[in-house]
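Residue numbers (the numbering used here), protein chains in the order written: chain D, 1 to 214; chain F, 215 to 456. Ideal Cβ positions, reconstructed from N, Cα and C, are used throughout, including at glycine. Since this is a predicted model, take the numbers as computed values, not measurements. Reading through the structure tokens given below for one structure.
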């Protein structure tokens with residue numbers, strides 16, 4: 001069928017599965033690092049803001065494939081032999097945390113200062129102020145851009161191909177090398193990427209509408 | 215009885231601008247003190263020093279037995295005893311009125327949810343908003359929001375309440391409903407410090423009126439102060455109709 005076999009299509013789907021795994025790693029890792037980063041950037045002391053700001057500038061100033069190389073080869077130079085999944089996961093975490101940190105910093109700062117004061121005046125501890133007053137409001141602002149950024153994570157995970165990570169792009173390339181049906185193979189890859197990203201876009205739009213009502 | 219609040223030569227600057235230039239006054243338990251004066255006279259800053267939203271740079275300030283000028287003052291502990299109501303209400307928009315009120319009793323004092331809700335409804339009744347318990351702030355009028363904010367402070371059962379121009383953002387017709395709530399608190403014996411532009415209200419509710427001018431308490435007295443101002447500055451302030 002169309003010059004490629006069922007097995008080859010299955011192979012491409014397998015790659016798509018690993019794209020999902022890597023994207024999830026990037027999002028979870030990026031979120032776990034990005035949230036404290038955002039808080040430090042928005043509310044930290046001078047030194048903390050400086051250090052975290054440098055991290056964000058550094059990561060945003062380096063192309064993602066280069067970060068992939070750095071994670072993959074840099075860590076093996078240090079004497080650890082990492083599977084490319086771990087290296088790619090680390091690179092995606094760095095990339096996503098820098099972007100999410102910046103986006104979420106803006107969302108936290110968009111909550112009026114008077115809300116911090118009101119929470120503080122009610123004797124809430126610093127952590128309670130963040131958890132019960134600031135974050136619930138910041139989340140509302142953050143949902144749409146965050147889910148929108150998920151689309152970027154899914155698409156940019158394809159750069160993991162540079163360190164030989166088996167994902168959708170990689171598997172499509174392998175199949176193309178043996179079938180010489182680039183149009184069919186990469187159209188299938190495109191459709192699969194779209195199938196992952198489109199629901200995220202729709203979700204982002206719906207969440208934005210639902211949360212803006214309250 | 216020891217005063218609840220005591221300012222002794224309190225000083226405060228923002229950069230080069232000195233806002234408080236040696237403020238002296240004290241508030242006895244049960245007293246209602248009104249701070250009046252022009253914008254920039256330092257009255258709001260003085261009020262915010264009382265619950266530690268602003269730190270002082272000179273002099274001594276004692277609030278509920280705590281030295282606010284000491285670096286070791288426990289602000290969280292102090293704020294359980296000092297409530298503040300702001301000009302712009304500052305209710306939490308993502309919570310209902312009742313949730314706004316029960317948040318601090320539950321999280322700070324560890325009160326069980328059911329008990330906190332009972333307390334919430336009780337303070338809402340006091341401000342006449344019981345039937346609005348499950349509304350979100352944006353569904354209320356300005357006057358209702360401000361009364362909800364007062365109820366939120368009351369739920370912490372403070373020894374001292376601070377009011378920072380709480381009616382300045384309200385229409386004249388909504389101002390009355392908020393002022394009546396404050397009068398009710400005064401009648402209950404609540405100790406209060408209020409920054410206000412409502413002169414008639416200050417005269418009727420306050421035991422002590424402090425006229426602030428250029429960062430100091432320029433003139434002070436009881437309700438009759440406004441009828442017989444001694445200094446030309448207060449005379450001018452009163453006659454300007456503010």
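In the DSSP assignment, find the beta strand (DSSP E) that holds residue i and state where it starts and stops.
{"i": "residue 377 of chain F", "result": "374–378"}
{"i": "residue 190 of chain F", "result": "Given that chain F is displayed from residue 215 to residue 456, the structure contains no residue 190 of chain F and the question cannot be resolved."}
{"i": "residue 95 of chain D", "result": "Segment 84–109 is the alpha helix (DSSP H) holding residue 95 of chain D; no beta strand (DSSP E) there."}
{"i": "residue 276 of chain F", "result": "272–277"}
{"i": "residue 226 of chain F", "result": "219–228"}
{"i": "residue 249 of chain F", "result": "246–251"}
{"i": "residue 434 of chain F", "result": "430–435"}
{"i": "residue 425 of chain F", "result": "422–427"}
{"i": "residue 297 of chain F", "result": "296–299"}
I think residue i touches residue j, with their Cβ atoms under 8 angstroms apart; what is that distance to the nearest whole Å?
{"i": "residue 4 of chain D", "j": "residue 168 of chain D", "result": "Between residue 168 of chain D and residue 4 of chain D the Cβ distance is about 15 angstroms, and since that is not below 8 angstroms, they are no contact."}
{"i": "residue 424 of chain F", "j": "residue 296 of chain F", "result": "Not confirmed; about 18 angstroms, so no contact."}
{"i": "residue 300 of chain F", "j": "residue 378 of chain F", "result": "5 angstroms"}
{"i": "residue 435 of chain F", "j": "residue 420 of chain F", "result": "Wrong, their Cβ atoms sit about 10 angstroms apart, outside the cutoff."}
{"i": "residue 216 of chain D", "j": "residue 179 of chain D", "result": "Given that chain D is displayed from residue 1 to residue 214, the structure contains no residue 216 of chain D and the question cannot be resolved."}
{"i": "residue 33 of chain D", "j": "residue 114 of chain D", "result": "Not really, about 29 angstroms apart at Cβ, beyond 8 angstroms."}
{"i": "residue 123 of chain D", "j": "residue 133 of chain D", "result": "Not really, about 12 angstroms apart at Cβ, beyond 8 angstroms."}
{"i": "residue 256 of chain F", "j": "residue 429 of chain F", "result": "5 angstroms"}
{"i": "residue 289 of chain F", "j": "residue 407 of chain F", "result": "Incorrect: roughly 17 angstroms between the Cβ atoms, too far for contact."}
{"i": "residue 321 of chain F", "j": "residue 128 of chain D", "result": "5 angstroms"}
{"i": "residue 373 of chain F", "j": "residue 218 of chain F", "result": "7 angstroms"}
{"i": "residue 225 of chain F", "j": "residue 236 of chain F", "result": "6 angstroms"}
{"i": "residue 384 of chain F", "j": "residue 340 of chain F", "result": "No, residue 384 of chain F and residue 340 of chain F are not in contact; Cβ-Cβ is about 19 angstroms, not under 8 angstroms."}
{"i": "residue 319 of chain F", "j": "residue 333 of chain F", "result": "6 angstroms"}
{"i": "residue 148 of chain D", "j": "residue 204 of chain D", "result": "5 angstroms"}
{"i": "residue 158 of chain D", "j": "residue 293 of chain F", "result": "With a Cβ gap of about 52 angstroms, residue 158 of chain D and residue 293 of chain F do not count as contacting."}
{"i": "residue 43 of chain D", "j": "residue 53 of chain D", "result": "Not quite, the Cβ-Cβ distance comes to about 13 angstroms (not below 8 angstroms), so this is no contact."}
Mind checking residue i: buried by the 16 CB within 10 Å criterion, or exposed?
{"i": "residue 111 of chain D", "result": "buried"}
{"i": "residue 216 of chain F", "result": "exposed"}
{"i": "residue 88 of chain D", "result": "buried"}
{"i": "residue 198 of chain D", "result": "exposed"}
{"i": "residue 230 of chain D", "result": "Lying outside 1 to 214, the shown extent of chain D, residue 230 of chain D is not represented and no answer is given."}
{"i": "residue 433 of chain F", "result": "buried"}
{"i": "residue 346 of chain F", "result": "buried"}
{"i": "residue 441 of chain F", "result": "exposed"}
{"i": "residue 194 of chain D", "result": "exposed"}
{"i": "residue 249 of chain F", "result": "buried"}
{"i": "residue 177 of chain D", "result": "exposed"}
{"i": "residue 348 of chain F", "result": "exposed"}
{"i": "residue 387 of chain F", "result": "exposed"}
{"i": "residue 286 of chain F", "result": "exposed"}
{"i": "residue 239 of chain F", "result": "buried"}
{"i": "residue 84 of chain D", "result": "buried"}
{"i": "residue 229 of chain F", "result": "exposed"}
{"i": "residue 326 of chain F", "result": "exposed"}
{"i": "residue 73 of chain D", "result": "exposed"}
On the DSSP letters alone, give me the boundaries of the alpha helix (DSSP H) that residue i sits inside.
{"i": "residue 61 of chain D", "result": "Note, residue 61 of chain D: premise wrong, no alpha helix (DSSP H); not H, not E."}
{"i": "residue 17 of chain D", "result": "6–43"}
{"i": "residue 117 of chain D", "result": "113–121"}
{"i": "residue 150 of chain D", "result": "135–156"}
{"i": "residue 453 of chain F", "result": "446–453"}
{"i": "residue 415 of chain F", "result": "413–419"}
{"i": "residue 163 of chain D", "result": "From DSSP, residue 163 of chain D is part of no alpha helix (DSSP H); its letter is neither H nor E."}
{"i": "residue 334 of chain F", "result": "327–340"}
{"i": "residue 287 of chain F", "result": "It is not in any alpha helix (DSSP H) - residue 287 of chain F carries neither H nor E in the DSSP assignment."}
{"i": "residue 322 of chain F", "result": "311–323"}
{"i": "residue 261 of chain F", "result": "257–264"}
| message | Beta carbons nearer than 8 angstroms to chain D: which residues of the segment 270–286 of chain F have them? | response | none
| query | Curious, which full-length alpha helix (DSSP H) runs of at least 4 residues does the segment 165–207 of chain D contain? | reply | 168–179
| said: Which residues of the segment 215–238 of chain F have a Cβ closer than 9 angstroms to any Cβ of chain D? Give them in chain order. | reply: none
| query | When Cβ atoms are compared, which residues of the segment 131–144 of chain D fall closer than 8 angstroms to chain F? | reply | Only those residues of the segment 131–144 of chain D whose C-beta falls short of 8 angstroms from the nearest C-beta of chain F are listed: 132, 133, 136, 137 and 140.
| Closer than 7 angstroms, Cβ to any Cβ of chain D: which residues of the segment 368–386 of chain F, in chain order? | 370
| request: For the segment 345–407 of chain F, list the beta strand (DSSP E) runs that are entirely contained and at least 3 residues long, ordered along the chain. | output: 374–378
| Between the segment 95–119 of chain D and chain F, which residues of the former have a C-beta closer than 7 angstroms to a C-beta of the latter? | 114, 115, 117 and 118
| request: Would you list, in chain order, the members of the segment 284–306 of chain F that have their beta-carbon closer than 7 angstroms to a beta-carbon of chain D? | output: 290, 293, 294, 298, 300, 302, 304 and 306
| query | When you check each C-beta in the segment 320–345 of chain F against every C-beta of chain A, which residues fall closer than 8 angstroms? | reply | Annotation note: the requested chain A is absent from the structure, which comprises protein chains D and F.
| field | Residues of the segment 186–204 of chain D whose Cβ lies closer than 8 angstroms to any Cβ of chain F, in chain order | value | none
| task | With 7 angstroms as the limit, tell me which residues of the segment 249–269 of chain F have their beta carbon closer than that to any beta carbon of chain D; keep them in chain order. | result | 265 and 267
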